[in-house]
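These notes are about the structure you will find just below.
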Amino acid sequence: SQQGEEDPQALSIQEGENATMNCSYKTSINNLQWYRQNSGRGLVHLILIRSNEREKHSGRLRVTLDTSKKSSSLLITASRAADTASYFCAPPNDKVIFGPGTSLSVIP
Amino acid sequence: DAGVIQSPRHEVTEMGQEVTLRCKPISGHNSLFWYRQTMMRGLELLIYFNNNVPIDDSGMPEDRFSAKMPNASFSTLKIQPSEPRDSAVYFCASSLDLEDRALQETQYFGPGTRLLVL
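If you're matching them up, the sequences are chains B and R in order. Just add 1440 to the spot in the first sequence (first one is 1) and you have our numbering. Just add 1127 to the spot in the second sequence (first one is 1) and you have our numbering.
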C-alpha cells in the first residue's frame, strides 16, 4: 500500500492569493484523489483525477497530474478564509491511505 | 442521505475502562473504514471491512482494540482496557466498492468521535 506525501507541510497565505500544494507518490496509479479536512472534522472528498487526465478543474480548484514524475498538485485560486484546512492526496490502493497533509492557513 | 453517523461525538473515560465507538455507514455502501487521528501520528487506518468482512486489520495497534461489523449498517470499535495514549479522534468512513477498480472508492467520512482517556 502506498500513501501520498504532501508538500509543503504548512502553508500560510493572504486571502485572495493562490495556494499550491504538491503530492508525490511511489507506484503507478489509475487515479488520484484530493481530500480536505477542516479542523476537528472528517475528511471531505474534493476531486478525483484519472491517470489519462493531465488537468482537472472544479470551481476554484485546479488539479494537475504528472504520471511521469509521479506527482500531482492542487491549486486553490482566489483563496478565502474558509479554505483554511488540511489537504490530503490519496493515490489509489486497495484502501485509501493518507499522508501527513498540507495545513493551509488563509489569513483574512 | 444523513451521511456517515458516529456516536458518541465525545467520550471522556478513565484509564482501564472499556470504550465502544459506533458507526452507521451510508446506506448502500459496502466498505467501511476505521481511522484514528492524533497530532503526533496523523491519520492512521486501523481496519477496514468489505461486505461486513474484515479485510485488513494490520493497523489495529494491539489486542486491546477490536472491531466488528455484524451487519451492513452498523460497526463498532472497542477498546478494552483503554489507556491515555488511546486519546485521539476516531473516524469512520464508508465507500461503495465498484467492480471497476480504476475508479477507486471515494470515502465519505463521519464527524468523528473525540476520545479522551484520563
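Using N, Cα and C, we set each Cβ at its ideal position, and we do this for glycine too.
- Cβ neighbours of serine 1543 of chain B within its own chain (closer than 6 Å, five residues either side excluded): Ala1450 and Ser1526.
- When the five nearest sequence neighbours on each side are left out, the beta carbons in the same chain lying within less than 6 Å of the beta carbon of valine 1139 of chain R are those of Leu1243, in order along the chain.
- Cβ contact annotation for serine 1200 of chain R (same chain, cutoff 8 Å, sequence separation greater than five): Lys1151, Pro1152 and Ser1154, in chain order.
- Burial state of histidine 1156 of chain R is buried, judged by a 10 Å Cβ sphere holding 16 or more other Cβ atoms.
- The way I'd put it, the region 1214-1221 of chain R does touch the region 1233-1240 of chain R; three or more beta-carbon pairs between them come closer than 8 Å.
- Per DSSP, the continuous beta strand (DSSP E) segment holding methionine 1461 of chain B begins and ends at 1459-1464.
- At a C-beta separation below 7 Å, proline 1448 of chain B has no neighbours in chain R, since its nearest C-beta there lies roughly 15 Å away.
- Under the three-state reduction of DSSP, arginine 1212 of chain R is assigned to helix.
- Contact of threonine 1233 of chain R with chain B by beta-carbon distance below 8 Å involves Gln1473, His1485 and Leu1488.
- Put simply, the region 1187-1196 of chain R does not touch the region 1128-1138 of chain R. Fewer than three CB pairs are less than 8 Å apart.
- Of all alpha-carbon atoms in R:Thr1233, R:Asp1224, R:Leu1159 and R:Ser1214, the one lying nearest the alpha-carbon of methionine 1167 of chain R is that of R:Ser1214.
- Among the residues facing chain B, leucine 1172 of chain R is included, as its CB has a counterpart in that chain under 8 Å away.
- B:Pro1540 is the residue among B:Thr1524, B:Pro1540, B:Ala1521 and B:Arg1520 whose C-alpha sits nearest the C-alpha of serine 1464 of chain B.
- Listed by position along chain B, the residues whose Cβ is nearer than 7 Å to that of glycine 1237 of chain R are Gly1482.
- Contact annotation, serine 1209 of chain R with glutamine 1164 of chain R: C-beta distance approximately 17 Å; criterion of less than 8 Å not satisfied.
- At the C-beta level, leucine 1472 of chain B and proline 1531 of chain B come within 8 Å of one another.
- Straight across, the Cα-Cα distance linking aspartate 1506 of chain B with lysine 1205 of chain R is about 42 Å.
- A Cβ of chain B is located within less than 8 Å of the beta carbon of glycine 1169 of chain R.
- Residues of chain B with a Cβ closer than 8 Å to the Cβ of phenylalanine 1218 of chain R are, in chain order, Gly1482 and Leu1483.
- Glutamine 1443 of chain B counts as buried, since no fewer than 16 other beta carbons sit within 10 angstroms of its beta carbon.
- Taken through DSSP and simplified to helix, strand or coil, aspartate 1523 of chain B comes out as helix.
- Under the Cβ distance rule, proline 1540 of chain B counts among the residues neighbouring chain R, one pair being separated by less than 8 Å.
- Relative to alanine 1521 of chain B, the option among B:Asn1470, B:Val1503, B:Ser1508 and B:Ser1452 whose CA is nearest is B:Ser1452.
- Contacts with chain R at 8 Å (Cβ-Cβ) do not include isoleucine 1453 of chain B.
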